[in-house]
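Undergrad: Here the sequence shown stands for residues 1 to 454, where the numbers follow UniProt numbering.
Even glycine gets a Cβ: it sits at the ideal position worked out from N, Cα and C.
Just so you know, these numbers come straight off a predicted model, no measurement behind them.
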Amino acid sequence: MHELSECTGYQPIQAVYNETLGPENDIVSALGTIANMNTALFILAFAPLCNPNVQSRGVVRPNLKARSSSTPTGAGSTTLAATPTAIPVKLGTRRFAPTLSSVLKAVRASGNSLTLKFVTKTDNTNIGSRVYLLADDTKYQMFKLKNQEFTFDVDVSNLPCGLNGALYFSQMDADGGMAKYSNNKAGAKYGTGYCDAQCPKDIKFINGEANVLDWKGSSNDANSGTGRYGTCCNEMDVWEANSVSTAYTPHPCNVQGQTRCSGSQCTSTCDQAGCDFNSYRMGVKNFYGKGLTVDTSKKMTVVTQFITADGTASGALKEIRRIYVQNGKVIQNSKTNISGMSAYDSITEPFCSAQKTAFSDTNTFSQMGGYTNMGKAFDAGMVLVLSIWDDHAANMLWLDSNYPTDRPASQPGVARGSCATTSGVPKDVETNSPNASVTFSNIKFGDLGSTYSA
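1. For a test of the three-state rule: what should DSSP assign to P250, helix, strand or coil?
2. Is it true that the CB of N164 sits closer than 8 Å to the CB of C396?
3. So, helix, strand or coil for S386, using DSSP?
4. Assuming W398 is part of the alpha helix (DSSP H), what are its boundary residues?
5. What residues in its chain sit with their C-beta under 6 Å from that of Y344, if we drop five residues either side in the sequence?
6. To the nearest angstrom, how far is it from the Cα of S441 to the Cα of R130?
7. Compare the beta carbon distance of C206 and Y190 with 8 Å and say whether it is the shorter of the two.
8. Classify Q367 as buried or exposed, calling it buried when 16 or more other Cβ atoms lie within 10 Å of its own Cβ.
9. Got a sec: does the ligand ZN put a non-hydrogen atom nearer than 7 Å to the Cβ of G162?
10. Here's a check: name, in chain order, each residue in its chain whose Cβ is nearer than 6 Å to the Cβ of S346, leaving out the five neighbours to either side.
11. Could you tell me if S410 is buried or exposed, where buried requires 16 or more neighbouring beta carbons within 10 angstroms of its beta carbon?
12. For G217, count the other beta carbons within 10 Å of its own beta carbon; 16 or more makes it buried, fewer makes it exposed. Which is it?
13. Any idea what DSSP makes of I127, helix, strand or coil?
14. Where T357 and V429 are concerned, what is the direct C-alpha to C-alpha distance, given to the nearest angstrom?
15. Opposite residue 458 in the DSSP bridges: which residues?
16. Taking 6 Å as the limit between beta carbons, can you name the residues of its chain near K299, skipping five residues before and five after?
17. For F277, collect the residues of the same chain with a Cβ closer than 6 Å to its Cβ; drop the 5 residues on either side in sequence, then sort them by chain order.
18. What does the alpha-carbon distance come out to for the pair L159 and A313?
19. Who are the near neighbours of F359 in its chain, counting only those whose CB is closer than 7 Å to its CB and skipping five residues on each side?
20. Note down, one range per segment and in chain order, each alpha helix (DSSP H) of at least 4 residues found wholly within the stretch 215-290.
21. Check whether the Cβ atoms of N220 and P426 lie closer than 8 Å to each other.
22. Quick check: the stretch 400-407 against the stretch 168-179, are at least 3 beta-carbon pairs closer than 8 Å?
23. Assuming the contact rule is C-beta atoms closer than 8 Å, residue 460 and V302 should be a hit. Round their C-beta distance to whole Å, please.
24. Of all the CB atoms in chain C, is at least one closer than 8 Å to the CB of L386?
25. If the criterion is Cβ atoms closer than 8 Å, does the pair Q272 and C233 meet it?
26. Quick check: K376 and Q198, are their CB atoms within less than 8 Å of each other?
27. Let's see if you can read the secondary structure: which residues bound the beta strand (DSSP E) around Q367?
28. So the alpha helix (DSSP H) V156 belongs to, where does it begin and stop?
29. Suppose contacts are defined by Cβ-Cβ distances below 8 Å. Is L384 in contact with K146 by that definition?
30. Are the CB atoms of S297 and S157 nearer to each other than 8 Å?
31. Quick one, which of C161, N124, D202 and T138 has its alpha-carbon nearest A420's?
32. If you draw a straight line from the C-alpha of A394 to the C-alpha of Y288, how long is it?
33. Which one of D137, T451 and F118 has the shortest CA to CA distance from T304?
34. Can you check whether the CB of D196 is closer than 8 Å to the CB of K139?
35. What residue from A380, G311 and Q265 has the CA that sits closest to Q148's CA?
36. Alpha carbon to alpha carbon, how far is L116 from D390? Give it in angstroms, no decimals.
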């Protein structure tokens, strides 16, 4: 067993990069205080290197003039601008830690926007990134979503088939697991404690221990692999998208909080498929895409509302609703156009049940506790995650093509986007679209109806 602090090279290697911002960048910070951000301060800290495949991590920290210690809980709306606190950055799974210049090219904050670039090359290569929002130097910012809405602008015009620019919430521990696991000496500051509903087994450190037991290298990714353990938790995918398709998806689990799994537990603890709303999959193929109703060649505003049965933050989670705003126009979500289903335009438990029946899928969403368990996770608080990635398991076909590929495309629920079933192979995407990127900006969190306007 390796403690995180035992690895050679663990002491932070810090470097500073200043990016001057104009005085017009007045923001409301994630902690609820008006702040004028004149300078973004980027501090990078490399991860332990006792395993040659360990991920590198960094911290991106805009330097604010003022902030509050209050938790964002919907008194009006809150704007997150270039992340007003700290963001730990998981910078891929390269064999060696990326250089400072590679890090700065991969993840860039400017004004109220954050751009994640797909492939960056200096003297080393970095592929993809994942970032988390911190409340301070030691804790992730926790979001309690019930009876609230979460809004952001996004530009996916530079994301082709096979890529995913994602924004989601994960039920990670606020401190990254330091209090629960005595071997974890790093914590949220260094991006520890990750988990999601896929119970990923490629995470290098779980519960404060190196995931080296039974480690097997990936057959199609020289920089990845799987260990004995996975790490599970409730996950709310607010936005998984490229320029072709998008989906939003709750993934409940039968556990609460970050939980280590092994063996069959890693496929039986969470609803890995989730209950997704993908307009293309739900029968409306002319709604989302370049030149369509929601035009992915242009920036758009995405609003997600978490509605309760009694209209309070303590009520039972009832519905997750999607709204778009583009070119000054509010665009309501598309309605399902599937034989045997009513015209649903949001995710409710009746929608999930009807969808699973229509698509001949097992209703794992219900088996894993549905909105009851998702609501408990929302009550506990969720960590905000943003990422850009390619898919070494299924080539992202589940998002933007026909999937599963052993079913006919004419079968309801199989067609999820217009990409070819031969698309999305990571080697091809990394070679042909290295300059792909996604930009998130103008992120807001607040009471229902408070974060957007036409």
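TA: Judging by the given coordinates:
1. strand
2. Looking at the sequence shown, residue 396 is not Cys but Met. Yes, these two residues count as a Cβ contact at 8 Å.
3. The sequence shown places Leu at residue 386, rather than the Ser named in the question. Looking at L386 - three-state DSSP - the assignment turns out to be strand.
4. L397 to D400
5. T336 and F351
6. 16 Å
7. The sequence shown places Ile at residue 206, rather than the Cys named in the question. No; because the gap between Cβ atoms is not below 8 Å, this pair is not in contact.
8. exposed
9. Of ligands this structure carries none, so the ligand ZN is not represented either.
10. E319 and R321
11. exposed
12. exposed
13. strand
14. 34 Å
15. The first residue shown for the chain is 1 and the last is 454, placing residue 458 beyond what the model contains.
16. D153 and D155
17. Y248 and I347
18. 35 Å
19. P412 and G413
20. 265-268
21. yes
22. no
23. Residue 460 lies beyond the stretch modelled for the chain, which goes from 1 to 454, so this question has no answer here.
24. Among the chains of the structure shown, chain C does not appear; only one protein chain is present.
25. no
26. no
27. Premise fails: Q367 lies in the alpha helix (DSSP H), T364 to Q367, not in any beta strand (DSSP E).
28. Premise fails: V156 is in no alpha helix (DSSP H) and is neither H nor E.
29. no
30. yes
31. C161
32. 22 Å
33. T451
34. no
35. G311
36. 13 Å
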